[in-house]
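J.: The structure follows.
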Amino acid sequence: MIRRQKSVGQESVGQIPVGLSTAAVWPQNADAAFTIAGELGYDGVEVMVWADPLSQDVPLLRRTLRRHRVPVLAVHAPCLLITQRVWSPDPELRLRRSVQAAQDLDARTVVVHPPFRWQRRYADAFADLVGELEQQTGVAVAVENMFPVRRAIRGRTVEMSAFRPSIDPTDVGYRNYTLDLSHTAAARTDALALAARMGDALSHLHLADGSGSPSDEHLVPGRGGQPCAEVCELLAAGGFGGQVVLEVSTRKAVSPAERVKDLAEALLFARLHLAR
Numbered sequence: 005m006i007r008r009q010k011s012v013g014q015e016s017v018g019q020i021p022v023g024l025s026t027a028a029v030w031p032q033n034a035d036a037a038f039t040i041a042g043e044l045g046y047d048g049v050e051v052m053v054w055a056d057p058l059s060q061d062v063p064l065l066r067r068t069l070r071r072h073r074v075p076v077l078a079v080h081a082p083c084l085l086i087t088q089r090v091w092s093p094d095p096e097l098r099l100r101r102s103v104q105a106a107q108d109l110d111a112r113t114v115v116v117h118p119p120f121r122w123q124r125r126y127a128d129a130f131a132d133l134v135g136e137l138e139q140q141t142g143v144a145v146a147v148e149n150m151f152p153v154r155r156a157i158r159g160r161t162v163e164m165s166a167f168r169p170s171i172d173p174t175d176v177g178y179r180n181y182t183l184d185l186s187h188t189a190a191a192r193t194d195a196l197a198l199a200a201r202m203g204d205a206l207s208h209l210h211l212a213d214g215s216g217s218p219s220d221e222h223l224v225p226g227r228g229g230q231p232c233a234e235v236c237e238l239l240a241a242g243g244f245g246g247q248v249v250l251e252v253s254t255r256k257a258v259s260p261a262e263r264v265k266d267l268a269e270a271l272l273f274a275r276l277h278l279a280r
């Protein structure tokens with residue numbers, strides 16, 4: 005069973021909202037993501053909070069979404085290695101601030117990675133913190149599946165997880181999960197089996213593809229080996245009430261026009277396979 009819950013715009017249009025991650029337009033900034041999302045007909049954006057100054061400035065983001073008339077569907081908490089000091093060096097404060105940002109922007113979801121192994125105090129309290137924030141605010145804190153690091157040591161490949169307790173958030177159990185299909189590719193995880201384990205707590209999908217390379221590729225869906233169509237069709241058939249966000253990489257696009265073409269193709273793929 006897939007969770008049934010109301011989403012932005014679903015009551016009127018009867019379709020699963022499809023958003024664009026602001027990370028999908030990098031090296032352009034978040035303002036470009038709002039522009040492209042509006043022009044192509046995305047239902048909103050997911051703000052990846054990272055080095056882009058606009059992504060860190062909630063009042064400016066609020067003005068941006070009003071100017072473009074494109075809502076913020078979700079906020080991705082700053083939990084990459086390169087964002088360990090964005091907003092605060094304390095990961096708990098970063099997550100709390102992300103939830104506050106979601107409230108300020110009328111976004112219903114915060115995407116967050118599991119704690120890193122070295123964040124021991126944060127990891128010990130993480131599950132309780134997520135539950136507390138959801139209970140107090142009504143914002144879904146959707147914990148995302150990750151992937152291991154693979155290294156060649158003495159002629160053999162060794163996998164190591166940077167996350168505690170593992171790359172699979174279902175090992176702990178949360179009210180809300182984000183399923184990331186680029187991460188399942190890099191982890192060589194069965195995406196459909198992971199979706200089944202997430203069950204009705206699967207409330208957010210990062211739609212992207214991957215070839216099975218150890219790196220996090222974030223390909224346009226349909227260009228890799230992940231069951232992107234099958235996952236979308238599963239959600240649509242199950243009455244999914246969450247959100248789907250295209251978190252694809254267009255950094256290799258040779259021009260802004262090629263970037264827009266890739267993002268239009270990604271949106272078409274999502275609309276086709278999420279049709280009720």
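For the sequence shown, the positions run 5 to 280 when the working numbering is used.
Think of the CB as a built atom: it goes at the ideal place given N, C-alpha and C, for glycine as much as any other residue.
(1) Report yes if the CB atom of H277 is closer than 8 Å to the CB atom of C236, and no otherwise.
(2) Ignore the nearest five residues each way along the sequence and tell me which others in Q9's own chain have a CB closer than 8 Å to its CB.
(3) Between L99, D132, D110 and A106, which has its C-alpha nearest H117's C-alpha?
(4) Using only the alpha-carbon positions, how far apart do Q19 and A279 sit?
(5) Touch check for the region 79-88 and the region 124-139: three-plus C-beta pairs under 8 Å?
(6) Answer with buried or exposed for V51, where buried requires no fewer than 16 other C-beta atoms within 10 angstroms of its C-beta.
(7) Whole-angstrom Cβ separation of E221 and G229, contact assumed at under 8 Å?
(8) Would you check if there are 3 or more beta carbon pairs closer than 8 Å linking the region 192-206 to the region 250-265?
(9) What are the partner residues of E251, as DSSP defines its beta bridges?
(10) Do you know how far the Cα of V62 is from the Cα of A305?
(11) Is the CB-CB distance between V74 and G42 below 8 Å?
(12) Can you name the start and end residues of the beta strand (DSSP E) that T182 belongs to?
(13) Give me the Cα-Cα distance between R7 and G177, rounded to the nearest whole angstrom.
(14) Could you spell out where the beta strand (DSSP E) holding H80 opens and where it closes?
(15) I'd like to check one pair, A241 with P225: are the Cβ atoms closer than 8 Å?
(16) How long is the line joining the alpha carbons of E96 and L65, rounded to whole angstroms?
(17) Could you give the residue range of the beta strand (DSSP E) that holds H208?
(18) Over what stretch of residues does the beta strand (DSSP E) that includes G23 continue unbroken?
(19) Buried or exposed for D128, please, with buried defined as at least 16 other CB atoms from any protein chain shown within 10 angstroms of its CB.
(20) Leaving out five residues on either side along the sequence, give the residues of the same chain with a beta carbon under 7 Å from the beta carbon of A270.
(21) Compute the Euclidean distance between the alpha carbons of S25 and V248, then round it to the nearest angstrom.
(22) State the Cα-Cα distance for the pair S102 and L58, rounded to the nearest angstrom.
(23) Nearest-angstrom Cα distance between A36 and H72?
(24) Is DSSP giving M150 helix, strand or coil here?
(25) State the Cα-Cα distance for the pair R275 and A190, rounded to the nearest angstrom.
(26) Check L133 in the structure and name its three-state DSSP category.
T.: Considering the structure as presented:
(1) Working through the sequence shown from its first residue, we reach residue 277 at position 273. Working through the sequence shown from its first residue, we reach residue 236 at position 232. Cβ atoms of H277 and C236: closer than 8 Å.
(2) The sequence position of residue 9 within the sequence shown is 5, counting from 1. Confidence in Q9 is poor, its pLDDT being 38 and thus under 50, which makes the residue's placement unreliable; the coordinate value appears in the next sentence. If we look at Q9 and ignore the five residues flanking it on each side, its Cβ neighbours are S207, G245 and G246.
(3) Reading the sequence shown from its first residue, position 113 is the one you call residue 117. The option with the nearest alpha carbon to H117 is L99.
(4) Counting from one through the sequence shown, the residue named residue 19 turns up at place 15. Counting from one through the sequence shown, the residue named residue 279 turns up at place 275. Going by the C-alpha atoms only, they are around 7 Å apart.
(5) no
(6) Against the sequence shown, residue 51 aligns to sequence position 47. Buried, because 16 or more other Cβ atoms sit within 10 Å of the Cβ of V51.
(7) Looking up residue 221 in the sequence shown gives position 217. Looking up residue 229 in the sequence shown gives position 225. Actually they are not in contact, since the Cβ atoms of E221 and G229 sit about 10 Å apart, beyond 8 Å.
(8) no
(9) As a first step, residue 251 must be located in the sequence shown, where it is residue number 247. Paired residues: none, contrary to the question.
(10) Residue 305 lies beyond the residue range present for the chain, which begins at 5 and ends at 280; the question has no answer from this structure.
(11) As a first step, residue 74 is located in the sequence shown; it is residue number 70 there, counting from the start. As a first step, residue 42 is located in the sequence shown; it is residue number 38 there, counting from the start. For V74 and G42, yes; Cβs fall inside 8 Å.
(12) For the purposes of this step, residue 182 is identified with residue 178 of the sequence shown, where counting begins at 1. First-last of the beta strand (DSSP E) with T182: Y181 to D184.
(13) Numbered from its first residue, the sequence shown carries residue 7 at position 3. Numbered from its first residue, the sequence shown carries residue 177 at position 173. Residue placement at R7 is flagged as unreliable, the pLDDT there being 39, under the threshold of 50; a coordinate-derived value is accordingly withheld.
(14) Looking up residue 80 in the sequence shown gives position 76. Counting along the chain, the beta strand (DSSP E) containing H80 begins and ends at V76 to H80.
(15) Residue mapping note: residue 225 aligns to position 221 of the sequence shown, counting from 1. Residue mapping note: residue 241 aligns to position 237 of the sequence shown, counting from 1. Cβ distance not < 8 Å, so P225 and A241 don't count as in contact.
(16) Taking the first residue of the sequence shown as 1, we reach residue 96 at position 92. Taking the first residue of the sequence shown as 1, we reach residue 65 at position 61. Cα-Cα distance, rounded: 22 Å.
(17) Taking the first residue of the sequence shown as position 1, residue 208 is located at position 204. That run of the beta strand (DSSP E) goes L206 to L211.
(18) If you number the sequence shown from 1, residue 23 lands on position 19. V22 to S25 is the span of the beta strand (DSSP E), which, as asked, contains G23.
(19) Taking the first residue of the sequence shown as 1, we reach residue 128 at position 124. D128 comes out exposed.
(20) Numbered from 1 along the sequence shown, position 266 holds the residue referred to as residue 270. Around A270: V224, P225, L250 and V252.
(21) Against the sequence shown, residue 25 aligns to sequence position 21. Against the sequence shown, residue 248 aligns to sequence position 244. In a straight line, the C-alpha of S25 is about 10 Å away from that of V248.
(22) Locating residue 102 in the sequence shown gives position 98, counting from the first residue. Locating residue 58 in the sequence shown gives position 54, counting from the first residue. Rounded to the nearest angstrom, the two C-alpha atoms are 14 Å apart.
(23) The count along the sequence shown starts at 1 and reaches residue 36 at position 32. The count along the sequence shown starts at 1 and reaches residue 72 at position 68. Distance between the alpha carbons of A36 and H72 is about 10 Å.
(24) Stepping through the sequence shown from its first residue, residue 150 is reached at position 146. Of the three classes helix, strand and coil, the one that applies to M150 here is coil, per DSSP.
(25) Translated into positions along the sequence shown, residue 275 becomes position 271. Translated into positions along the sequence shown, residue 190 becomes position 186. Approximately 25 Å, taken between the alpha carbons.
(26) Within the sequence shown, the letter at position 129 stands for residue 133. Helix, per DSSP.
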